[in-house]
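J.:
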Amino acid sequence: MKIISKENPLPLHYQLKEIIRELIENDELKPGDIIPTERELCKIQNVSRMTVNKAILALVNEGLLHRQQGKGTFVSEPKQMHEFSKLKGFTEEMNSKGFKTKTKILSFEIKESTKKLQKIFSLDDTNKKVIEIIRLRETDKEPVAIETTILPYSHFSNMTKNSLEGKSLYEIFKREYNYYPEKAKQVIEPIKLNDYESTLLNQKKNALALLFSKTTYTNENSVIEFTKAIFRSDLYKYELILK
787 MKIISKENPL PLHYQLKEII RELIENDELK PGDIIPTERE LCKIQNVSRM
837 TVNKAILALV NEGLLHRQQG KGTFVSEPKQ MHEFSKLKGF TEEMNSKGFK
887 TKTKILSFEI KESTKKLQKI FSLDDTNKKV IEIIRLRETD KEPVAIETTI
937 LPYSHFSNMT KNSLEGKSLY EIFKREYNYY PEKAKQVIEP IKLNDYESTL
987 LNQKKNALAL LFSKTTYTNE NSVIEFTKAI FRSDLYKYEL ILK
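Here the sequence shown is numbered in my numbering, starting from 787 and rising by one per residue.
#1: For a minimum of 4 consecutive residues, which ranges assigned as the alpha helix (DSSP H) are wholly contained in the stretch 961 to 1027?
#2: Residue 978 to residue 996, Cα distance in whole Å?
#3: Using a Cβ-Cβ cutoff of less than 7 Å, which residues in the same chain neighbour residue 803 once the five nearest sequence positions on both sides are dropped?
#4: Taking residue 852 as part of the beta strand (DSSP E), name the residues at either end of that continuous run.
#5: Between the beta-carbon of residue 1021 and the beta-carbon of residue 930, is there less than 8 Å?
#6: Of all the alpha helix (DSSP H) runs that stay within the bounds of the stretch 879 to 935, which reach a length of 4 or more residues?
#7: Check whether the Cβ atoms of residue 1035 and residue 937 lie closer than 8 Å to each other.
#8: In the DSSP output, which residue or residues are listed as bridge partners for residue 861?
#9: Closest to residue 813 by CA distance: which of 861, 839, 833, 829 is it?
#10: Give me the DSSP bridge partner(s) of residue 820.
#11: My output table needs one value for residue 955: the three-state DSSP class, helix, strand or coil.
#12: So, for residue 829: in the same chain, excluding its five sequence neighbours on each side, which residues have a beta-carbon less than 6 Å away from its beta-carbon?
#13: Among 895, 922, 939, 925, whose alpha-carbon lies nearest the alpha-carbon of residue 904?
#14: So, at 7 Å on beta carbons, what are the nonlocal neighbours of residue 819 in its own chain, with the 5 sequence-adjacent residues on each side left out?
#15: Quick one: what's got a C-beta closer than 6 Å to residue 971's C-beta in the same chain, skipping five residues either side?
#16: Can you tell me which of the three DSSP states residue 870 falls into?
#17: So is residue 889 buried or exposed if we call it buried at 16+ other beta carbons inside 10 Å?
#18: Taking 8 Å as the threshold, find out whether the stretch 960 to 976 comes into contact with the stretch 898 to 914 through three or more Cβ pairs.
#19: Excluding the 5 residues preceding and the 5 following residue 886 in the sequence, name in chain order all residues of the same chain whose CB lies nearer than 6 Å to its CB.
#20: Do residue 955 and residue 934 have their C-beta atoms closer together than 8 Å?
#21: Is there contact here, the stretch 787 to 794 with the stretch 822 to 836, by at least three beta-carbon pairs under 8 Å?
#22: If you draw a straight line from the C-alpha of residue 826 to the C-alpha of residue 907, how long is it?
#23: At which residues does the alpha helix (DSSP H) containing residue 808 begin and terminate?
#24: For a test of the three-state rule: what should DSSP assign to residue 950, helix, strand or coil?
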């Protein structure tokens, strides 16, 4: 491990953070490895406990490290990369990257649309029903996202909860309804998890997360899906490809 330079104008906690990051990026510390204790780092680097704590906390907030009460601080698994250059469903995207996925349907309900949803789907007052599907997404047995998907009932009137079990929604669109997702508009914003969301995602209350609001269009430019997905920010990062 490199030693902090007190001649360096950068703050000591920042230097230590970058030293630990470098060890992780060079595979000298691998996912699952325990890092030295705060006391050990204080001794190695000849710095205060506060300096060490600030460095570790910054890396925990970035998702590079995680703490286990009574055990220590460990190197986290790399965040799963989600690429925005292609329109894929969650299952297809994760399977293409070698992750094992599982989906639990928390709720399936036919309900009256709000005015906002009427506008999104261009529904008239005589045809206001929508299907609301709430699902918990897992990869490699770890909960990663809560998805609330809204579909126009007129397009999917024979869809049931059982017909969704174990299937990709986008594959159902294509194979069973002959709808082909062509493009999507997506808005991303940071949020804090409430009690219910944090319990489902195995996170602390008020933990930071990312909210994705996605409107999906067919090749005929009609909206067939509106989804709000809450992703854990400690497990996911996102790549935008601009052309």
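Where is the CB? At the ideal position from N, CA and C, for every residue including glycine.
T.: Straight from the coordinates:
#1: Every unbroken stretch of the alpha helix (DSSP H) spanning 4 or more residues and falling wholly within the stretch 961 to 1027 is given here in chain order: 981 to 986.
#2: When the Cα atoms are used, residue 978 and residue 996 turn out to be separated by approximately 8 Å.
#3: Hits under 7 Å: 841, 844, 845.
#4: 851 to 854 is the span of the beta strand (DSSP E), which, as asked, contains residue 852.
#5: Closer than 8 Å, so yes.
#6: Assignment of alpha helix (DSSP H) within the stretch 879 to 935, counting only whole runs of 4 or more residues, yields 901 to 907 in chain order.
#7: Here the chain has residues from 787 to 1029 only, and residue 1035 is not among them.
#8: Residue 861 is bridged to 851.
#9: Distances from the CA of residue 813 to each of 861, 839, 833, 829 were compared; the closest alpha carbon is that of 861.
#10: Partner(s): 860.
#11: Assigned with DSSP and collapsed to three states, residue 955 falls in helix.
#12: Nothing meets the Cβ criterion.
#13: The residue with the shortest Cα to Cα distance from residue 904 is 939.
#14: Within the same chain, and ignoring the five residues on either side of residue 819 in sequence, the residues whose Cβ sits closer than 7 Å to its Cβ are 860, 861.
#15: For residue 971, same chain residues with a beta-carbon under 6 Å away, outside a window of 5 residues either side, are 1001 in chain order.
#16: Its pLDDT being 46, under 50, residue 870 is placed unreliably in this model, and the coordinates cannot settle the point.
#17: The residue in question, residue 889, is buried, as its Cβ has 16 or more Cβ neighbours within 10 Å.
#18: Taking 8 Å as the limit for Cβ pairs, the verdict is that the stretch 898 to 914 does not touch the stretch 960 to 976.
#19: Around residue 886: 926.
#20: Not closer than 8 Å, so no.
#21: The stretch 787 to 794 vs the stretch 822 to 836: in contact.
#22: So the alpha carbons of these two residues sit roughly 59 Å apart.
#23: Judged by DSSP secondary structure, residue 808 falls within the alpha helix (DSSP H) whose first and last residues are 798 to 811.
#24: When DSSP states are grouped into helix, strand and coil, residue 950 belongs to the helix group.
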